[in-house]
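In my numbering, each residue carries its 1-based index in the sequence shown increased by 244. Backbone N, C-alpha and C define an ideal beta-carbon position, used for all residues, glycine too. These numbers were taken from a predicted model, which means no experiment stands behind them. Notes to accompany the following structure.
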Amino acid sequence: MTESRGPKVFRDPIHQLIALDRSPLGHPDEPESFGDSLLLALIDSPEMQRLRRIRQLGPANRIYPAAEHSRFSHSLGVMHLARRILGLLLHQDPALFTPLEVVAVKCCALLHDVGHGPYSHTFEHVLPDAPRHENWGWSLLSGETALGARLRDLPPESALDPDRLRDTMAGVWGLRPPRGGEGVGRQIIASQLDADRLDYLLRDAHFTGVGYGLFDLEWLLHSLKVGEIAGEKRLCVDIDRGPAALESYIAARDNMYRQVYDHKTVRAFECLILHLFKAVGRVREELGHWPTGTPPALERYLENPDIPAFLALDDAVVEYATGYWAGLDPETAAPAMAELIWKSGLLRHRQPLYRRMRWQCEQGVPSDIIVEAQAVEALDTFCRSQADTLLEAPLPGKPQHRAPLRLLATLDRVDRAPYAHLQYASDGHAPIYALCGGEVKPAEEVSPLIHFLGQNRRQWARLFVDPRAMPALAALLRRESPHPALCPHQP
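In structure tokens:
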């Protein structure tokens, strides 16, 4: 009996069924299926399978117990949505993408997060000069890796030239100016309305149990068109079919940042993780060796962050290390090691939580948020200048323990808008374009709600502090406050 060559199907809680055609040239009636067999080979690569061991939301599972979903499932979802969008646009204009561009867009969608490390975005800040995940990702798919080999050693029946495919992917990835259909393909992968955002909002809302992230995905996809502005093809939403789907999408993004991504306790755990890795470095500096129990994979990465060292890391490696350190006795440890043991315990056991410095306000009600830009800059300068100042931070069995401020407090800054039409010039965002009466316009010009949301920019900061050091840091700030608005509240 011969094996069935029907589509490969993945079950998914967001998109139900994700199907890929196994045949080398795809289904003749579905141009978006061309190259699906390559996607299956990439999915089975060790680099993609590693994403199963990296949580999508980093430490957010400490706050939302069901947020255990992985970068792998999200990557499948983004690939699926990119494939659907390609199919919808090709149905409208079969000449919009070449077969090579179809494959390149789907590959970039699948691989867009392959460069993430443990705890996702947080890990990008562990080493100051380490590449961002987009740069790691391109290095993995173009380098001497199993993933790179699968993109280079394409079988003849695939009808794909590996050099042309990689060059087309570079245009979609954003490494060079796009040509032809690469421009719209890039918008499908990375824009204010892309397959990435469409998937992670729904997926993260589902697994955190936060209903605010829901929107009408099907109608939004149904409304997608390609228009032209200044001679450039742009992915658009046909606003004549009703603006509600687009408005709800932007509102959902705003709500998810408020409720999940910028949640005060999620941000506190991100600060703790950065402090923990700084404590690892301090042990190395003071004792001349990495902490006892450091996994070889983590040690290699911290010594030399190359591709093999990076690929050996996942959440399990870091959690093994913190679990080992949390089980050590701080009373018999050197001061630097005792600090690492304490922080590992905080991450491991979730107690006690990092606290937010509260400030006196003119209205008499203390607040943990600093809004005034000059006060934020003054506090940032203060924290940098005082980074090596030792503060009292008692530990079990070490009541006189002291640690530098850089291991105890972090100024966490937020600059966020749910729709970035006020920020185009500063950060390169392009608007979401809408088709209105056959004319292409920025969405904020045809929807008062979208215009309002775009102006709702949150710019503020919080000072997260290890609870042991709160009294000492508050006293230091009262003595040497860098700004009149920065007076710690006295309960």
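Beta-carbon proximity check, residue i vs residue j, cutoff 8 Å
i	j	result
R701	A637	no
Y598	F708	yes
C515	D337	no
L634	A653	no
L479	S435	yes
Q293	R315	no
P574	L651	no
V470	L284	no
L354	M323	yes
V658	A705	yes
L531	V370	no
E345	G418	no
S364	G302	yes
G453	K350	no
A439	L325	yes
D357	H335	no
W380	F521	no
P735	L721	no
V393	P290	According to the sequence displayed, residue 393 carries Ala and not Val. The answer is no: Cβ separation not under 8 Å.
L264	R255	no
A631	L649	yes
A560	R297	yes
A483	V690	For the record, residue 483 in the displayed sequence is Ile; it is not Ala. Yes, the Cβ-Cβ distance between I483 and V690 is below 8 Å.
L557	A577	no
H271	G321	no
E426	T412	yes
L490	I676	yes
A713	H645	no
S492	F459	yes
R600	K477	no
F451	H313	yes
S281	P268	yes
P711	P596	yes
Y663	L697	yes
Assumed close pair residue i, residue j - CB separation to whole angstroms, cut-off 8 Å
i	j	result
V416	A348	5 Å
W603	I585	Going by Cβ atoms, the distance from W603 to I585 rounds to 31 Å, so no, they are not a contact pair.
P362	V562	4 Å
G304	A311	According to the sequence as given, residue 304 is Ala; it is not Gly. Confirmed, about 5 Å.
A580	V527	5 Å
R420	A414	6 Å
R306	R594	6 Å
V481	A687	7 Å
Endpoints, the alpha helix (DSSP H) within which residue i is located
i	result
D443	439 to 452
L707	That residue, L707, is in no alpha helix (DSSP H); its beta strand (DSSP E) goes 702 to 709.
M714	714 to 723
R327	315 to 336
E583	579 to 593
H733	Counting along the chain, H733 falls outside any alpha helix (DSSP H), and DSSP gives it neither H nor E.
Y568	559 to 570
V727	According to the sequence shown, residue 727 is His rather than Val. Counting along the chain, H727 falls outside any alpha helix (DSSP H), and DSSP gives it neither H nor E.
P358	Correcting the residue identity first, residue 358 is Val in this sequence and not Pro. It is not in any alpha helix (DSSP H) - V358 carries neither H nor E in the DSSP assignment.
A687	687 to 690
Extent of the continuous beta strand (DSSP E) to which residue i belongs
i	result
Q260	260 to 264
F459	F459 -> no beta strand (DSSP E), and no H or E assigned at all.
D482	476 to 482
V253	252 to 256
Check: residue i C-beta below 7 Å from any heavy atom of the ligand MG
i	result
L344	The model depicted lacks the ligand MG and carries no ligand whatsoever.
Next on the checklist: Ignoring anything shorter than 3 residues, give me the beta strand (DSSP E) runs that lie fully in the region 603 to 685, in order along the chain.
Outcome noted: 634 to 636, 646 to 648, 653 to 660, 677 to 680
Next on the checklist: If contact is defined by three or more beta carbon pairs under 8 Å, each pair taking one atom from either stretch, is the region 459 to 468 in contact with the region 379 to 391?
Outcome noted: no
Next on the checklist: Does the structure place the region 671 to 683 close enough to the region 616 to 623 that three or more beta carbon pairs sit under 8 Å?
Outcome noted: no
Next on the checklist: Quick check on the DSSP output: what are the complete alpha helix (DSSP H) runs of length 4 or more inside the region 361 to 437, in order along the chain?
Outcome noted: 377 to 386, 390 to 396, 406 to 417, 426 to 433
Checklist entry - Taking the runs of the beta strand (DSSP E) that are 3 residues or longer, which of them lie wholly in the region 471 to 552? => result 476 to 482
Item to check | Contact the region 483 to 498 vs the region 436 to 447: 3+ CB pairs below 8 Å | outcome: yes
Checklist entry - Three or more C-beta pairs closer than 8 Å, one from the region 528 to 544 and one from the region 554 to 573: is that the case here? => result yes
Next on the checklist: Give the list of continuous alpha helix (DSSP H) stretches no shorter than 4 residues that lie fully inside the region 265 to 312.
Outcome noted: 280 to 287, 290 to 293
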